[in-house]
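Everything in the sequence shown is counted per the numbering used here, starting at 4 for the first residue and increasing by one. In this text, a Cβ means the ideal position worked out from N, Cα and C, and glycines have one as well. Quick caveat: nothing in here was measured; it's all calculated off a predicted structure. As structure tokens, the structure follows; a few thoughts come after it.
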Amino acid sequence: MPLGLILLLVFIAVPIAEIAVFIQVGGLIGLVPTLLLVLLTALVGSVLIRGQGLRVLGQAKAEVDRGRPPVRELFTGLCLVVAGMLLLTPGFVTDTMGFLLLLPPVREALRRRLAKAIEVQVVRGAGGQGAARRRDVIEGEFEEVDPAAEALPPRGGWGRR
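Structure follows, in structure tokens:
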């Protein structure tokens, strides 16, 4: 399925799911408690992200100091940014996704899955699209010609009178 279609479906499905959950939760606990709960999740999420973000920043610095690229730490930082955006977006569905991204086992599972998908794409791209698979190879021989030598008149042979 093309990425554009997936994004379109997500942008349609998430707001519909949020509205449905708001109606259900509002019916169970009332309007004011529902709104307070949404504000509380945003506040708790921002506090958690601040703490985890500083920890990840320290881990990334430690990796750089060891001379290694902080790939895992950068991915964790990206997950925390996405989690923060989801938690600050009003709604229970986005809050749930944001809180899930705050859990290290969930981030690790997501990282492994993405790494595997990227690895498959790289292998397919290298094997199926490489120059070795193209059919427009022209074989031949060449000889380097010195342009200065061509400018001189020919010596001997037919050109002599």
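Arg-69 has its alpha-carbon roughly 41 Å from the corresponding atom of Gly-94.
Taking 8 Å as the cut-off, the beta carbon of Leu-104 is found no closer than this to the beta carbon of Leu-51. Linking Thr-92 to Ile-141 through their CA atoms gives a straight-line distance of about 58 Å. Annotated three-state conformation of Pro-107 is helix, per DSSP.
Assigned with DSSP and collapsed to three states, Ile-19 falls in helix. In the same chain as Ala-20, and ignoring 5 residues on each side of it, the C-beta atoms closer than 7 Å to its own belong to Val-96, in chain order. The three-state reading of DSSP puts Phe-102 in helix, counting H, G and I together.
At the C-beta level, Gln-55 and Leu-83 come within 8 Å of one another. In the displayed model, Glu-66 falls within a helix according to three-state DSSP. For Val-148, no alpha helix (DSSP H) run applies, since DSSP gives it neither H nor E. When the Cα atoms are used, Asp-98 and Val-28 turn out to be separated by approximately 14 Å.
Across the structure, Val-41 and Ala-118 are spaced so that their CA atoms are roughly 33 Å apart. Distance from Gly-30 to Phe-102 at the Cβ level is roughly 23 Å; contact not present, criterion being Cβ atoms closer than 8 Å.
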